[in-house]
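For reference, the structure discussed in these notes is given below.
Residue numbers (this note's numbering): 3 to 156.
So, in structure tokens, the structure goes:
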């Protein structure tokens, strides 16, 4: 039996680099996603469509690996989005980046992501699964943003 767990996160942070440098880095999916913690692998399936495979997690005799496929698009200057794409997986994830210049060498970056994750747990454990998934997702996104900021400011 499986339950669906929904998560949503939004963060805005300032970076000491130009908006162009931030956009160029964030639009480089292959390079930027390597900064995401607990990512097992990411594969480009076709132009702009990527399959994410996270490391397997387990507890109490249960093991689970989150997999999903998204299509990345951008406006060429300040906005990058990803949305669910057809493909194998057990999650639907969407989100994006919005970059706002704050001068020549500073910018603000807004990050948003939401997902619906299919978890292989009994319905009775849905509340526990939601707490674990939300906590893990927030921790991973926090680490990811810290790594992105460090790379942009290096």
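Cβ atoms here follow ideal geometry from the backbone N, Cα and C, with glycine treated the same way.
Can we count residue 56 as close to the ligand MG, meaning its CB is less than 7 Å from some heavy atom?
-> Of ligands this structure carries none, so the ligand MG is not represented either.
Alpha-carbon to alpha-carbon, residue 112 and residue 26 | 15 Å
Going by C-alpha distance, which of 70, 93 and 121 is nearest residue 134?
-> 121
For the alpha helix (DSSP H) containing residue 2, list its first residue and its last residue.
-> With the chain covering 3 to 156 only, the question about residue 2 has no answer from this structure.
Reduced DSSP category for residue 105 - H, G, I as helix; E, B as strand; rest coil | coil
Determine the closest residue to residue 54 out of 18, 35 and 137, with distance taken between C-alpha atoms.
-> 35
Could you pull out every residue in the same chain whose Cβ sits closer than 7 Å to the Cβ of residue 82, ignoring the five residues on either side in sequence?
-> 28, 29, 74, 76, 98 and 99
Residue range of the alpha helix (DSSP H) that residue 35 falls in?
-> No alpha helix (DSSP H) contains residue 35, which DSSP labels as neither H nor E.
Mind checking residue 3: buried by the 16 CB within 10 Å criterion, or exposed?
-> exposed
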